[in-house]
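Data block below; observations after.
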Ligand code: FES
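In the working numbering, the protein residues as written are 3 to 417.
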């Protein structure tokens with residue numbers, strides 16, 4: 003039977019005015035153009051976040067106060083999924099690598115528009131997990147960036163990344179060309195309107211195309227005589243070819259990104275020279291517990307000697323001074339509240355102590371000896387060592403200062 007393709011009138015075409023990047027006039031009103039800045043921002047931010055982690059050895063050094071281990075420890079105190087975090091603490095370093103590489107692949111994928119929807123889904127999941135772990139108690143809630151990132155990813159999860167500056171679109175065009183099919187493109191008119199007006203729409207099928215599925219990419223009303231009459235076989239071939247090309251591109255670009263990140267990490271470690279920071283000791287804990295594996299809370303143990311002035315006169319006994327060597331910090335539990343406390347001995351005989359709960363979202367701050375500051379591992383707030391004042395946000399105010407004195411018996415007391 004002969005094909006009954008309808009003939010639609012054609013008009014002589016005046017060259018269309020275009021904007022830079024071949025954007026149509028009023029491109030800002032089209033979602034795929036309007037969302038391009040957000041896509042580039044999200045992709046670049048995730049790549050930057052990944053490289054920042056990979057280039058910083060302290061992120062993977064469990065004893066550092068800014069390590070992934072410290073972040074998980076801090077979150078395990080306040081997160082609504084703390085029961086899960088406490089079980090995952092032993093895998094902190096592999097989790098850190100997974101996050102850094104995940105951010106890299108998500109960022110690169112979104113930047114170049116390759117498997118954008120899958121990359122955006124990964125970004126949304128990662129942002130939501132970070133929201134549950136490190137931002138949940140941010141106050142006001144919008145000062146925690148992760149919830150904002152989560153919602154910023156959603157348009158790309160739901161609608162994809164569009165066809166602009168997109169490897170996905172380039173592949174789809176190429177695959178379609180090889181199959182003599184039209185390149186897919188967006189039409190800024192609701193397709194339901196076209197279906198209503200064209201008169202060929204019949205329960206999801208197109209009578210003008212011998213009952214094939216109604217699709218905008220091959221719609222004779224939209225494309226006129228340029229509309230191809232393609233069969234189901236060629237539609238499947240396009241999809242197969244797109245999948246193969248997409249897989250090859252993902253492997254190639256992903257591999258290149260990982261190699262590039264490895265180079266950045268190597269250079270960062272070589273020239274950054276950041277020596278792994280030492281972790282906090284536990285005040286009053288046995289000597290073997292200090293150093294590499296801090297625990298969430300360690301109540302002060304009974305010190306070796308309690309002779310001399312009574313403990314009640316000096317304050318609450320914390321532990322021996324030797325647990326806080328000069329230039330180092332130790333953690334303790336504040337008896338009155340159960341909160342974590344931190345005491346630092348920057349110079350011999352001087353003790354600076356604080357409630358270690360970060361005023362931003364409740365993570366536990368640590369002593370960053372290299373910079374002589376107290377630092378929060380969750381969102382990077384920094385506090386002055388001698389006053390506890392905020393040096394760098396997002397913490398809205400400084401740490402609560404405590405008074406710790408050295409007793410004549412060689413122990414520290416909390417006033
Ligand atoms: S909890 Fe956000 S900076 Fe400390």
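C-beta: ideal position from N, C-alpha, C; glycine also.
Distance between beta carbons of residue j and residue i, contact taken as under 8 Å
i, j, result
"residue 347", "residue 326", "5 Å"
"residue 370", "residue 402", "19 Å between Cβ atoms; not a contact."
"residue 169", "residue 114", "5 Å"
"residue 116", "residue 251", "6 Å"
"residue 332", "residue 342", "With 8 Å as the limit, residue 332 and residue 342 do not qualify as a contact, their Cβ atoms being about 11 Å apart."
"residue 33", "residue 219", "The pair is not a contact, with the Cβ atoms about 17 Å apart (cut-off 8 Å)."
Backbone CA spacing between residue i and residue j [nearest angstrom]
i, j, result
"residue 147", "residue 337", "33 Å"
"residue 42", "residue 24", "18 Å"
"residue 280", "residue 241", "Low confidence applies here, because residue 280 scores a pLDDT of 49, under 50, leaving its location unreliable; read the following figure in that light. Their Cα atoms are separated by approximately 54 Å."
"residue 394", "residue 38", "31 Å"
"residue 360", "residue 249", "44 Å"
"residue 230", "residue 83", "54 Å"
"residue 110", "residue 158", "14 Å"
"residue 181", "residue 217", "17 Å"
"residue 119", "residue 245", "14 Å"
"residue 364", "residue 137", "9 Å"
"residue 71", "residue 62", "8 Å"
"residue 79", "residue 413", "28 Å"
"residue 112", "residue 166", "12 Å"
"residue 207", "residue 215", "4 Å"
"residue 139", "residue 397", "12 Å"
"residue 329", "residue 344", "13 Å"
"residue 126", "residue 417", "46 Å"
"residue 235", "residue 179", "15 Å"
Three-state secondary structure assigned by DSSP to residue i
i, result
"residue 26", "strand"
"residue 375", "strand"
"residue 83", "coil"
"residue 179", "helix"
"residue 333", "strand"
"residue 200", "helix"
"residue 357", "strand"
"residue 321", "strand"
"residue 384", "strand"
"residue 211", "helix"
"residue 60", "helix"
"residue 408", "strand"
"residue 366", "strand"
"residue 416", "strand"
Distance cut-off 7 Å: residue i Cβ against heavy atoms of the ligand NAD
i, result
"residue 82", "Here the bound small molecules are the ligand FES; the ligand NAD is not part of this structure."
Pairs of beta-carbons, one from the stretch 88 to 96 and one from the stretch 21 to 32, closer than 8 Å: are there three or more? no
Does the stretch 140 to 154 come close enough to the stretch 192 to 211 to have 3 or more Cβ pairs within less than 8 Å? no
Does the count of Cβ pairs from the stretch 48 to 56 and the stretch 93 to 108 closer than 8 Å reach three? yes
Should the stretch 370 to 384 be regarded as contacting the stretch 66 to 83, the criterion being three or more beta carbon pairs within less than 8 Å? yes
Pick out every residue whose C-beta is nearer than 5 Å to a heavy atom of the ligand FES: which are they, in chain order? 360, 362, 363, 365, 378, 380, 381, 383
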